[in-house]
Amino acid sequence: MAYELVVKGGLVVDGTGAPPREADVAVSVHRIVSVGPGLDASGAARVIDAQGLVVAPGFVDVHTHYDAQICWDPLLSCSSWHGVTTAVMGNCGFAIAPCHKEDRGTAMRTLVHVEGMSLKAMEEGIRWEFETFPEYLDAVQRFGAGLNVAAFLGHSALRLYVMGREASDRAATAREIEVMKKLVREAMAAGAIGFASSTAEPHIGDGGKPVPSRLAEFDELLALVLAMSESRRGVFMMTVGAKTHMDHLKQLARESGRPVIWAALFHQTDRPERTWRALAWTEEAAAEGLTVRPQISCRPLIMDFSLRNPYPFEGLPSWQKVLPRPQSEWKGVYASREFREALKQDLTPPGKQRLFHGRWEEVRVMGTRLAECRELEGKTVAEIARLQKKDPVDAFLDIGIAEDLDTAYTAALMNTDDEALTRMLRHGHTLVSLSDAGAHQSLLCDAGYSSTLLGKWVREKNVLTLEQAVRRLTSEPAELYRIPNRGRLAPGYFADLAIFDAGKIGALPPEKVYDMPAGEARFISRCEGMKAVVVNGAVLIEDGAPAMKNGPWPGRLLRRFDG
9 MAYELVVKGG LVVDGTGAPP READVAVSVH RIVSVGPGLD ASGAARVIDA
59 QGLVVAPGFV DVHTHYDAQI CWDPLLSCSS WHGVTTAVMG NCGFAIAPCH
109 KEDRGTAMRT LVHVEGMSLK AMEEGIRWEF ETFPEYLDAV QRFGAGLNVA
159 AFLGHSALRL YVMGREASDR AATAREIEVM KKLVREAMAA GAIGFASSTA
209 EPHIGDGGKP VPSRLAEFDE LLALVLAMSE SRRGVFMMTV GAKTHMDHLK
259 QLARESGRPV IWAALFHQTD RPERTWRALA WTEEAAAEGL TVRPQISCRP
309 LIMDFSLRNP YPFEGLPSWQ KVLPRPQSEW KGVYASREFR EALKQDLTPP
359 GKQRLFHGRW EEVRVMGTRL AECRELEGKT VAEIARLQKK DPVDAFLDIG
409 IAEDLDTAYT AALMNTDDEA LTRMLRHGHT LVSLSDAGAH QSLLCDAGYS
459 STLLGKWVRE KNVLTLEQAV RRLTSEPAEL YRIPNRGRLA PGYFADLAIF
509 DAGKIGALPP EKVYDMPAGE ARFISRCEGM KAVVVNGAVL IEDGAPAMKN
559 GPWPGRLLRR FDG
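Heads up: the sequence shown is residues 9 to 571, going by this note's numbering.
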């Protein structure tokens with residue numbers, strides 16, 4: 009038999025957790041047709057020499073926000089560089105469809121606040137060839153992509169579509185819930201992977217208001233999840249806030265019979281007990297036969313920001329006096345005693361859910377505009393406050409005001425304790441994900457989480473074996489999200505492959521580039537040690553560079569999922 013592609017002599021890690029073995033992988037008509045030693049490659053259209061390299065299934069990234077970027081970047085960078093071959097978008101309920109024409113500005117401005125996306129890039133880059141969610145899926149299929157993609161129907165987008173501008177102000181009426189249920193059913197019939205929502209306090213949208221899903225009562229949420237489950241398939245994904253109790257998630261899983269995935273479980277050094285309580289609760293849910301799994305990250309949550317782009321603080325009540333105002337007025341607000349006292353008060357109670365918890369020793373000045381401020385670079389806000397004999401809040405704001413809000417800060421917010429992360433990564437009911445790829449590009453780039461897992465946590469720290477880590481990145485998310493025929497190296501499965509050097513694989517430090525529409529900036533993270541990325545039998549990335557310049561692209565829009 010003449011194969012289209014043969015990968016010769018690699019160390020096959022098949023995604024099941026089985027020990028690695030030396031074998032060849034043969035591909036024909038988009039699928040793997042044989043895995044074993046000594047396959048005849050003489051008639052193959054393409055042969056990849058994988059001697060000394062690992063051959064694994066392509067990675068499945070279930071937490072991305074490529075909903076807008078897919079309109080202008082078919083490679084879905086940086087995920088494709090790091091071995092990801094399947095990406096799930098629409099997480100947390102944030103999306104660009106369904107969307108009425110008159111609400112496009114609101115939808116984009118919401119993504120600016122909640123996901124750190126560039127408004128100029130979206131205005132220039134989004135191809136608005138759709139209004140409804142089924143039309144969006146059809147458009148994505150027309151655009152084409154290098155990776156396989158699946159999409160959630162987003163709760164916030166759905167509420168805006170049905171309720172208009174009032175979606176961020178009030179609960180839905182019974183009639184509006186019925187309309188939303190109908191649209192959920194239509195989305196599932198069109199090929200949505202499920203339904204996603206958020207009640208998280210840091211999720212602030214257009215004009216500093218809560219994103220629409222945060223205004224939903226639990227009865228609305230339950231009704232929509234049950235509408236999703238009528239198709240006898242679908243995953244419910246939620247980013248939880250204080251109003252969402254763990255018992256709510258169990259009820260959703262029990263009544264719908266569907267997997268419930270929640271985000272985000274981070275470790276906070278000043279509140280470690282929250283992490284361990286959540287894991288214990290997850291074990292209890294599993295013992296009851298419920299699939300309720302938390303998403304975790306294998307990377308510290310580090311954000312670069314300024315007082316012009318203060319994402320770590322936007323969920324605080326005090327900041328709601330800032331965000332609705334024109335940015336030209338922000339310096340005056342920051343300088344006011346009223347705002348400063350309110351911010352100090354926000355950071356005083358230890359128990360509230362928020363992104364930043366007042367640990368000023370974790371906030372560092374990374375770049376300054378004025379020569380007289382250069383000596384502050386590299387120092388933490390806590391250090392500067394001690395030197396200046398000020399409260400850290402005052403020191404932090406005074407520096408930014410003096411520099412016309414251009415001071416560059418970095419904050420290590422969560423997941424900074426490697427021992428705690430070791431325990432989380434080894435836990436049997438956590439789901440390694442949270443790349444947030446496509447979002448927060450002005451703040452960070454965690455799209456290389458797969459390379460971090462394989463480099464830091466396998467090679468350097470031996471926390472997981474190679475086969476355990478590959479399973480965490482491939483068959484585990486594919487099976488949990490009911491994505492058929494992906495996530496394993498076996499005959500009949502689609503030929504999605506990541507071929508890498510286990511001795512070199514890793515995510516390189518973030519760098520800022522200006523390659524977005526309208527010349528906008530973003531942070532990227534390149535991959536070291538990735539030889540090739542294969543999607544449905546086609547080589548997409550080779551030696552760190554795109555192997556394809558133009559379409560047709562090999563990725564598929566995934567619309568069919570297991571029950």
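Where is the CB? At the ideal position from N, CA and C, for every residue including glycine.
Keep in mind that this is a model prediction, so the values were computed, not measured.
Under the assumption that V300 contacts L230 (Cβ atoms under 8 Å), give the Cβ distance between them as a whole number of angstroms.
-> Here residue 300 is taken as the residue at index 292 of the sequence shown, counted from 1. Here residue 230 is taken as the residue at index 222 of the sequence shown, counted from 1. Separation of the CB atoms of V300 and L230 is rounded to 15 Å, and the pair is thereby denied contact status at 8 Å.
Cβ-based neighbour list, A410, same chain, cut-off 8 Å, excluding 5 preceding and 5 following | Translated into the one-based positions of the sequence shown, residue 410 becomes position 402. Here the set comprises L378 and C381.
Do you know offhand how far K329's Cα is from D399's?
-> In the sequence shown, residue 329 corresponds to position 321, counting from 1. In the sequence shown, residue 399 corresponds to position 391, counting from 1. Looking at the two C-alpha atoms, the distance is approximately 21 Å.
Skipping 5 residues on each side, what residues in its chain have a beta carbon closer than 7 Å to that of L589?
-> Nothing about residue 589 can be read from this structure; the chain reaches only from 9 to 571.
Could you spell out where the beta strand (DSSP E) holding E12 opens and where it closes?
-> Position 4 of the sequence shown holds residue 12. Unbroken run through E12: none, as it is neither H nor E.
Where in the stretch 378-463 do unbroken runs of the beta strand (DSSP E), each at least 3 residues long, occur, reported from the N-terminal end onward?
-> If we require 3 residues or more, the beta strand (DSSP E) runs fully inside the stretch 378-463 come out as 416-422.
Start and end of the alpha helix (DSSP H) containing K539?
-> Counted from its first residue, the sequence shown places residue 539 at position 531. Looking at the DSSP string, K539 is not in any alpha helix (DSSP H); the run it does join, the beta strand (DSSP E), is M538 to V543.
Are at least three pairs of beta-carbons, each pair with one atom in the stretch 449-465 and one in the stretch 269-283, less than 8 Å apart?
-> In short, these stretches do not touch, since the Cβ pair count stays below three.
Would you list the residues sitting across from R567 in a DSSP beta bridge?
-> If you number the sequence shown from 1, residue 567 lands on position 559. Answer by DSSP bridge pairing: none, since R567 is not bridged.
Go through the stretch 145-183 residue by residue and report every complete run of the alpha helix (DSSP H) that reaches 4 residues or more, in order.
-> Whole alpha helix (DSSP H) segments, 4+ residues: 163-171.
Sheet register partners of D505 (DSSP bridge) | Position 497 of the sequence shown, counting from 1, holds the residue named residue 505. First, the residue type needs correcting, since residue 505 is Leu and not Asp in the sequence shown. BP columns for L505 point to P65 and V542.
How close, in whole Å, do the beta carbons of A31 and V20 come, if the pair is a contact with beta carbons under 8 Å?
-> Translated into positions along the sequence shown, residue 31 becomes position 23. Translated into positions along the sequence shown, residue 20 becomes position 12. A Cβ-Cβ separation of about 4 Å places A31 in contact with V20 under the 8 Å criterion.
Looking at C-beta atoms only, is the number of pairs between the stretch 295-312 and the stretch 332-344 that lie closer than 8 Å three or more?
-> At 8 Å Cβ cutoff, the stretches do not touch.
Within its chain, find whatever has a CB closer than 6 Å to the CB of V466; leave out the 5 residues flanking it on each side and keep chain order.
-> The residue labelled residue 466 in the question sits at position 458 within the sequence shown. Annotation for V466: L472, L474 and A477 place their beta carbon closer than 6 Å to its own, counting only its chain and skipping 5 residues before and after.
Runs of beta strand (DSSP E) wholly within the stretch 236-296 (minimum 3 residues, chain order) | The qualifying runs are 243-247 and 268-271.
In its own chain, which residues sit with a C-beta less than 7 Å from the C-beta of A403, not counting the 5 before and 5 after it?
-> In the sequence shown, counting from the first residue as 1, residue 403 sits at position 395. Residues V389, I392, A393 and Q396 of the same chain have their beta carbon placed closer than 7 Å to that of A403, with the five preceding and five following residues left out of the count.
Going by C-alpha distance, which of G265, T118 and A447 is nearest S221?
-> In the sequence shown, the residue the question calls residue 221 occupies position 213. Across the set G265, T118 and A447, the C-alpha of T118 shows the shortest separation from the C-alpha of S221.
For E519, name the three-state secondary structure that DSSP assigns.
-> For the purposes of this step, residue 519 is taken as the residue at position 511 of the sequence shown. Strand at E519.
With a cut-off of 8 Å, do at least 3 Cβ pairs link the stretch 113-132 to the stretch 525-537?
-> With contact defined as three or more Cβ pairs closer than 8 Å, the stretch 113-132 and the stretch 525-537 are in contact.
If you run the structure through DSSP and keep just helix, strand and coil, what is R117?
-> The sequence position of residue 117 within the sequence shown is 109, counting from 1. Correct three-state label for R117: helix.
Measure from the alpha carbon of L223 to the alpha carbon of each residue in P28, L421, S176 and L429, then state which is nearest.
-> Taking the sequence shown and counting its residues from 1, one reaches residue 223 at position 215. The residue with the shortest Cα to Cα distance from L223 is S176.
Same chain only: Cβ atoms within 8 Å of I40, ignoring 5 sequence neighbours per side | Position 32 of the sequence shown, counting from 1, holds the residue named residue 40. Once the five neighbours on either side are set aside, the close Cβ partners of I40 are V33, A34, L497, A498, P499, G500, Y501, F502 and A503.
Would you kindly report the start and end of the unbroken beta strand (DSSP E) that includes E30?
-> Your numbering for residue 30 matches position 22 in the sequence shown. For E30, the uninterrupted beta strand (DSSP E) segment begins and ends at R29 to S36.
When you compare each of H121, V268, L168 and G213 to M188 by their alpha carbons, which one comes out closest?
-> Against the sequence shown, residue 188 aligns to sequence position 180. Minimum Cα distance to M188 is reached at L168.
Which term fits A197, buried or exposed, when burial requires 16 or more other beta carbons within 10 angstroms of its beta carbon?
-> Counting from one through the sequence shown, the residue named residue 197 turns up at place 189. The residue is exposed, with fewer than 16 neighbouring Cβ atoms inside 10 Å.
Tell me where the beta strand (DSSP E) around V55 begins and ends.
-> On the sequence shown, residue 55 is found 47 positions in, with the first residue counted as 1. Residue range R54 to D57 is occupied by the beta strand (DSSP E) that includes V55.
For the stretch 47-59 against the stretch 93-113, are there 3 or more C-beta pairs whose distance is under 8 Å?
-> Segments in contact, no.
Could you check how far apart the C-beta atoms of P308 and N470 are, in whole angstroms? I think they sit under 8 Å.
-> The residue labelled residue 308 in the question sits at position 300 within the sequence shown. The residue labelled residue 470 in the question sits at position 462 within the sequence shown. Not confirmed; about 19 Å, so no contact.
Own chain residues within Cβ distance below 6 Å of T247, not counting five before or after = As a working note, residue 247 is residue 239 in the sequence shown. Contacts found: C100, S206, A208 and A271.
Between which two residues does the alpha helix (DSSP H) carrying G340 extend?
-> Position 332 of the sequence shown, counting from 1, holds the residue named residue 340. Segment W338 to A343, the alpha helix (DSSP H) holding G340.
When the cut-off is 7 Å and only beta carbons count, does V300 lie next to chain B?
-> Among the chains in the structure shown there is no chain B, since it carries only a single protein chain.
Do you know how far the Cα of M538 is from the Cα of F138?
-> Reading the sequence shown from its first residue, position 130 is the one you call residue 138. Reading the sequence shown from its first residue, position 530 is the one you call residue 538. Going from the Cα of F138 to the Cα of M538 covers about 36 Å.
Compute the Euclidean distance between the alpha carbons of H38 and W561, then round it to the nearest angstrom.
-> For this step, residue 38 is matched to residue 30 along the sequence shown. For this step, residue 561 is matched to residue 553 along the sequence shown. For H38 and W561, the distance between alpha carbons rounds to 13 Å.
Give me the Cα-Cα distance between C435 and I310, rounded to the nearest whole angstrom.
-> Taking the first residue of the sequence shown as position 1, residue 435 is located at position 427. Taking the first residue of the sequence shown as position 1, residue 310 is located at position 302. Rather than Cys, the amino acid found at residue 435 in this sequence is His. For the pair H435 and I310, the Cα-to-Cα distance works out to about 23 Å.
Which of helix, strand or coil does DSSP assign to G101?
-> Translated into positions along the sequence shown, residue 101 becomes position 93. G101 falls in the helix class under three-state DSSP.
Would you mind working out which of E184, Q149 and D146 sits nearest H163, comparing C-alpha positions?
-> Taking the sequence shown and counting its residues from 1, the one referred to as residue 163 is at position 155. For the residues E184, Q149 and D146, the minimum Cα distance to H163 belongs to E184.
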